[in-house]
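Residue numbers (this note's numbering): -7 to 586. Here is the structure we will look at, set down as structure tokens.
See the structure below:
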């Protein structure tokens, strides 16, 4: 391995595998080893066509000369196999799994791959959107979600796993999940059950340009989705996978690698070899991987605010990623956590309403002493589905009105201080009303003499239900005034660390008193200056070495600015320590609290 804490891997697509010569392959391998350092490749056997056996063998021989590990790969797309297939409107040539010739082809592909490799990965085209006559007939009265979830589970067992393991009982089969988690159930991806039948899983961490692609994914997804799938299959999430497509600048591409590494990925997959070799975006990778390797080896396990996202759910998509981009460490999980020392705070969004027992879980968590943070989407959905249950927890109501705000009231410095902020732009919220003093408002927003709460809480049992109302357009979170963002960060903090400043800096926290900061290189980015707040008393922040020769000033510890009581009204309350940090766009800095 080139690096101690992760493997660097790439993927070789079948059409390219069939046509490259040994001479060109060796030249490209030399280039990749010089600039990146490749430990392993996934060699594809099928993507619209079979990779020829003699080419697979040539690859294995050449890779052995360079000490590169070789596994297999499958992409489940196929051309029309007969005249009748022309009637099927298949996106990206994905298989119709109600069509017997296509089912037979997939079984053949699986057997061929298992015969040539002891491990293979399935690329993220292993879904179906086919609504041909055969699919409509087989679906019957079921919903498309019900039909496709059952169908793809059957296909996984009968056409992939079963045939492959019959040919090669020791074959290790990996399913890669795409970056579009919110759409899984509608296309047949079924991680809740597939995790139990596949040997490993893999995570798509492609985010590309957040504003100039059809998906519009916040960069933080490259971190958060890795963490989500680690919760789905602890210890069996093989790695994160990204590509250079639609990356307008080199930093846009590199950030996918950084965030994947910050999530403690075992493998960092750069798709794909022909898109990587000779690409200027790849030239800094080896240099940056050395830095990442040195940093990651000093970090504990990632921590953050647990966000409950059940399998097969959808709602307020990627809100956790927008918050992550605003400096709030997030830890998405597929199971609702139990209250205890390891988890005293959990977030629920509209997606959590997929779980029909979620209100009972929320009530039990709060009653035991936990803090449940509910988004406006969760509250509105719960008012519609479970009004009586939610009414036990809060006075908040919703009457389909809208709040347009350009003024905010948040906490000030004094014991009863208030900070009034007027902005140059408007923010649209769903208007949640509460009964004063039954529910207590922490932060308000509005215009002129009309304001409503955008952050409030109710006590319940030993704990509380906190309601956070975020702008209707999630990307407007980045434009919120720094004082508003800071109060949100403090209220949503689950790790004892929060930052005081504008959006654009992400915070990564770990369980061994280490944390990291990254200043995203989005349009209009600039150096950021802000304060880091740490619960408890500390003297300094030790900079973690990235292994590069240090300039004298870059190794100096960051000394505290001051310490003060967390509760200004109680001088005997627990303390917080505050540090000043400045960071350039595209830089990451990691620290240990001392």
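Here a beta-carbon is modelled for each residue, glycine too, at the ideal position from N, C-alpha and C.
- Let me know if residue 430 comes out buried or exposed under the rule of 16 or more other beta-carbons within 10 Å of its beta-carbon. Position 438 of the chain shown, counting from 1, holds the residue named residue 430. By the neighbour-count criterion, in which a residue is buried when 16 or more other Cβ atoms sit within 10 angstroms of its Cβ, residue 430 is exposed.
- Message: Rounding to the nearest angstrom, what Cα-Cα distance links residue 148 and residue 522 in this structure?
- Response: In the chain shown, the residue the question calls residue 148 occupies position 156. In the chain shown, the residue the question calls residue 522 occupies position 530. One C-alpha to the other measures close to 49 Å.
- Task: Could you tell me if residue 602 is buried or exposed, where buried requires 16 or more neighbouring beta carbons within 10 angstroms of its beta carbon?
- Result: No answer is possible for residue 602: the residues shown for the chain start at -7 and end at 586.
- How is the alpha helix (DSSP H) around residue 376 delimited, first residue to last? Taking the first residue of the chain shown as position 1, residue 376 is located at position 384. 368 to 377 is the extent of the alpha helix (DSSP H) around residue 376.
- Message: By the DSSP assignment, the beta strand (DSSP E) with residue 261 in it spans what residues?
- Response: In the chain shown, counting from the first residue as 1, residue 261 sits at position 269. Residues 259 to 262.
- For residue 240, does the count of other Cβ atoms within 10 angstroms reach 16, so buried, or fall short, so exposed? Counted from its first residue, the chain shown places residue 240 at position 248. Counting Cβ neighbours within 10 Å, residue 240 comes out exposed, since fewer than 16 surround it.
- Query: Is residue 545 buried or exposed, if buried means 16 or more other CB atoms sit within 10 Å of its CB?
  - Reply: One-based indexing of the chain shown puts residue 545 at position 553. So residue 545 ends up on the exposed side.
- Message: Assuming residue 364 and residue 350 are in contact, meaning their beta carbons sit under 8 Å apart, how far apart are those beta carbons, in whole angstroms?
- Response: Within the chain shown, residue 364 is the residue found at index 372, counting from 1. Within the chain shown, residue 350 is the residue found at index 358, counting from 1. About 10 Å separates the CB atoms of residue 364 and residue 350; that is not less than 8 Å, and the two are not in contact.
- Query: Distance, Cα to Cα, residue 323 vs residue 356?
  - Reply: On the chain shown, residue 323 is found 331 positions in, with the first residue counted as 1. On the chain shown, residue 356 is found 364 positions in, with the first residue counted as 1. If I take the Cα positions, the gap works out to 21 Å.
- Out of curiosity, what's the CA-to-CA distance linking residue 320 and residue 314? Here residue 320 is taken as the residue at index 328 of the chain shown, counted from 1. Here residue 314 is taken as the residue at index 322 of the chain shown, counted from 1. Roughly 9 Å separates the two Cα atoms.
- Task: May I ask you to list the residues that DSSP assigns as paired with residue 49?
- Result: Taking the chain shown and counting its residues from 1, the one referred to as residue 49 is at position 57. In DSSP, residue 49 forms no bridge with anything.
- Item | Where the beta strand (DSSP E) containing residue 323 begins and where it ends | One-based indexing of the chain shown puts residue 323 at position 331. For residue 323, the uninterrupted beta strand (DSSP E) segment begins and ends at 322 to 325.
- Task: Could you tell me the distance, in whole angstroms, from the CA atom of residue 180 to the CA atom of residue 80?
- Result: As a position in the chain shown, residue 180 is number 188, starting the count at 1. As a position in the chain shown, residue 80 is number 88, starting the count at 1. C-alpha separation (whole angstroms): 18 Å.
- Item | Integer Cβ distance of residue 615 from residue 528, believed to fall under 8 Å | The question about residue 615 has no answer here: the residues shown for the chain are numbered -7 through 586.
- Task: Quick one: residues in its chain with C-beta nearer than 6 Å to the C-beta of residue 198, no 5 flanking neighbours on either side, listed in chain order?
- Result: For the purposes of this step, residue 198 is taken as the residue at position 206 of the chain shown. Excluding five sequence positions before and after residue 198, the CB atoms of its chain that fall closer than 6 Å to its own CB belong to 171, 234 and 235, given in chain order.
- Which residue from 212, -4 and 225 puts its Cα closest to that of residue 248? Taking the first residue of the chain shown as 1, we reach residue 248 at position 256. Minimum Cα distance to residue 248 is reached at 212.
- In this structure, does DSSP put residue 624 in helix, strand or coil? Residue 624 lies beyond the residue range present for the chain, which begins at -7 and ends at 586; the question has no answer from this structure.
- Under 8 Å between C-beta atoms of residue 209 and residue 318: Numbered from 1 along the chain shown, position 217 holds the residue referred to as residue 209. Numbered from 1 along the chain shown, position 326 holds the residue referred to as residue 318. Contact check for residue 209 against residue 318 fails: the beta carbons are separated by 8 Å or more.
- Between the Cα of residue 490 and the Cα atoms of 331, 39, 442 and 525, which residue gives the shortest distance? Against the chain shown, residue 490 aligns to sequence position 498. Ranked by how close their Cα comes to the Cα of residue 490, the residues 331, 39, 442 and 525 have 525 in first place.
- Query: From residue 335 to residue 195, what does the alpha carbon distance come to, in whole angstroms?
  - Reply: For this step, residue 335 is matched to residue 343 along the chain shown. For this step, residue 195 is matched to residue 203 along the chain shown. So the alpha carbons of these two residues sit roughly 25 Å apart.
- Report yes or no: do the region 545 to 561 and the region 281 to 289 share at least 3 C-beta pairs separated by less than 8 Å? Proximity of the region 545 to 561 to the region 281 to 289 falls short of the contact definition, fewer than three beta-carbon pairs being nearer than 8 Å.
- Minimum length 3: unbroken beta strand (DSSP E) runs contained in the region 195 to 270: For the region 195 to 270, the full-length beta strand (DSSP E) segments reaching 3 residues or more read 229 to 234 and 259 to 262 along the chain.
- Task: Check whether the Cβ atoms of residue 386 and residue 457 sit closer than 8 Å, and answer yes or no.
- Result: Residue numbering aside, residue 386 sits at position 394 when the chain shown is read from its first letter. Residue numbering aside, residue 457 sits at position 465 when the chain shown is read from its first letter. Yes; because the gap between Cβ atoms is below 8 Å, this pair is in contact.
- Message: I need the boundaries of the alpha helix (DSSP H) containing residue 287, first residue and last residue.
- Response: Looking up residue 287 in the chain shown gives position 295. For residue 287, the uninterrupted alpha helix (DSSP H) run begins and ends at 277 to 288, by DSSP.
- Message: Going by the DSSP bridge assignment, what does residue 64 pair with across the sheet?
- Response: Counting from 1 along the chain shown, the entry for residue 64 is found at position 72. Beta-bridge partners of residue 64 (DSSP): 35 and 112.
- In the DSSP assignment, what residue or residues form a beta bridge with residue 574? Along the chain shown, read from residue 1 onward, the residue named residue 574 stands at position 582. Looking at the DSSP output, residue 574 bridges to 521.
- Message: Is the beta carbon of residue 43 closer than 8 Å to that of residue 6?
- Response: Walking along the chain shown from the start, residue 6 turns up at place 14. Walking along the chain shown from the start, residue 43 turns up at place 51. In this structure, residue 6 places its C-beta atom within 8 Å of the C-beta atom of residue 43.
- Through-space distance from residue 225 to residue 130, alpha-carbon basis: Here residue 130 refers to the residue found at position 138 of the chain shown. Here residue 225 refers to the residue found at position 233 of the chain shown. Here the alpha carbons of residue 225 and residue 130 stand approximately 31 Å from one another.
- Message: If I measure Cβ to Cβ from residue 304 and keep anything under 8 Å in the same chain, skipping five residues before and after, which residues do I get?
- Response: For the purposes of this step, residue 304 is taken as the residue at position 312 of the chain shown. Closer than 8 Å at the Cβ level, and outside the excluded window around residue 304, lie 137, 141, 176, 177, 182, 184 and 346.
- Message: Just to confirm my understanding: we take residue 510, look at its own chain, exclude 5 residues before and 5 after, and list those with CB closer than 6 Å. What are they?
- Response: For the purposes of this step, residue 510 is identified with residue 518 of the chain shown, where counting begins at 1. So the qualifying residues of the chain are 498 and 580.
- Using CA coordinates, which residue listed in 426, 540, 362 and 393 is at the minimum distance from residue 383? Walking along the chain shown from the start, residue 383 turns up at place 391. Comparing Cα-Cα distances from residue 383 to each of 426, 540, 362 and 393, the minimum goes to 426.
- With a 10 Å radius around its C-beta and 16 neighbouring C-beta atoms as the bar for buried, classify residue 67 as buried or exposed. Along the chain shown, one-based indexing puts residue 67 at 75. The residue is buried, with at least 16 neighbouring Cβ atoms inside 10 Å.
- Query: Do you know how far the Cα of residue 168 is from the Cα of residue 328?
  - Reply: Stepping through the chain shown from its first residue, residue 328 is reached at position 336. Stepping through the chain shown from its first residue, residue 168 is reached at position 176. Roughly 24 Å separates the two Cα atoms.
- Message: For residue 259 and residue 231, which I take to be in contact (beta-carbon distance under 8 Å), what is that distance rounded to the nearest angstrom?
- Response: Counting from one through the chain shown, the residue named residue 259 turns up at place 267. Counting from one through the chain shown, the residue named residue 231 turns up at place 239. About 3 Å separates the CB atoms of residue 259 and residue 231; that is less than 8 Å, so the two are in contact.
- Query: Whose C-alpha, out of 462, 155, 52 and 219, is nearest the C-alpha of residue 372?
  - Reply: Taking the first residue of the chain shown as 1, we reach residue 372 at position 380. If we check each option's Cα against that of residue 372, 462 comes out closest.
- residue 216 versus residue 502 - alpha carbon distance: Taking the first residue of the chain shown as position 1, residue 216 is located at position 224. Taking the first residue of the chain shown as position 1, residue 502 is located at position 510. For residue 216 and residue 502, the gap between their C-alpha atoms comes out near 14 Å.
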